[in-house]
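Colleague:
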Amino acid sequence: QQQVKQSPQSLIVQKGGISIINCAYENTAFDYFPWYQQFPGKGPALLIAIRPDVSEKKEGRFTISFNKSAKQFSLHIMDSQPGDSATYFCAPRDTGNQFYFGTGTSLTVIP
Amino acid sequence: DAGVIQSPRHEVTEMGQEVTLRCKPISGHNSLFWYRQTMMRGLELLIYFNNNVPIDDSGMPEDRFSAKMPNASFSTLKIQPSEPRDSAVYFCASSLWGTTGELFFGEGSRLTVL
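In the order they appear, the protein sequences are chains A and B.
This note's numbering applies: residue 1 is where the first sequence begins, and numbers increase by one.
This note's numbering applies: residue 1001 is where the second sequence begins, and numbers increase by one.
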């Protein structure tokens, strides 16, 4: 079952630019909307997350924008840095504590 | 905090052999997940446990795969017999259900079946 669609598959951004990754979902029972970051050879790690009762959350250079009516949420990375080069996953969670990972976006930030 | 601990980190075996992957979740966490990651299929959920009870094993590829969680601090994923298509990185993750639900992943077990 493909309940989550993530785009783009890969993204190349110049240092200092804005990176935007999108996630569309179908399940209205999702209650928690995180983004995970994965570096090569490591497990994914939580980057930032939002609950459905707010439309935006900002932590440093990272922002989640959430559109409940459109069933979409996105990750914005401002002032992108080479150290941000990684794979990013959206992974909304349902009320049964199951996470649905997107297919991942490989981000490369060029110095 | 030690984080989620997985072993072995790397395993190379021959087709037909039994493989056992081990996971120690973060102390106090009550949910445990096994994922498999490949280039072709991305990150796939194999099975997850809440309070040591398997909740959803629909992601387990076939009868060759089995997972157990005998207590809150230990889980195993077994493949018997192993096949080359099982080659992947297997991740264990744990979380505290009922809170923010953040998933904490281990460093993974890279399995190569020759």
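The beta carbon of each residue, even a glycine, is placed where N, CA and C say it ideally should be.
Since we're looking at a predicted model, the values are computed, not measured.
Where does D79(A) land, buried or exposed, given buried means 16+ other C-beta within 10 angstroms?
Modeller: exposed
Colleague: T175(A) touches chain B at which residues, Cβ-Cβ below 7 Å?
Modeller: Since the first residue of chain A shown is 1 and the last is 111, residue 175(A) is not available in this structure.
Colleague: Pull out every residue of the region 1092-1105 of chain B whose Cβ sits closer than 9 Å to any Cβ of chain A, in chain order.
Modeller: C1092, A1093, S1095, W1097, G1098, T1100, G1101, E1102, L1103, F1104, F1105
Colleague: Cutting at 7 Å between CB atoms, please list the residues of its own chain near Q3(A), excluding the five before and the five after it.
Modeller: Y25, E26, N27, Y100
Colleague: Which term fits F39(A), buried or exposed, when burial requires 16 or more other beta carbons within 10 angstroms of its beta carbon?
Modeller: exposed
Colleague: Please classify T95(A) as buried or exposed, where buried requires at least 16 neighbouring CB atoms within 10 angstroms.
Modeller: exposed
Colleague: Taking the beta strand (DSSP E) that T1076(B) belongs to, which residues open and close that run?
Modeller: Segment 1074-1079, the beta strand (DSSP E) holding T1076(B).
Colleague: Which bits of chain A does G1108(B) rub up against, with CB to CB less than 7 Å?
Modeller: G43
Colleague: Counting Cβ pairs, one atom from each stretch, are 3 or more of them under 8 Å apart for the region 1057-1066 of chain B and the region 1009-1020 of chain B?
Modeller: no
Colleague: Quick one: what's got a C-beta closer than 7 Å to L46(A)'s C-beta in the same chain, skipping five residues either side?
Modeller: P34, Y36
Colleague: Please report the straight-line C-alpha distance between F73(A) and N22(A), rounded to a whole angstrom.
Modeller: Whole-angstrom Cα-Cα distance: 6 Å.
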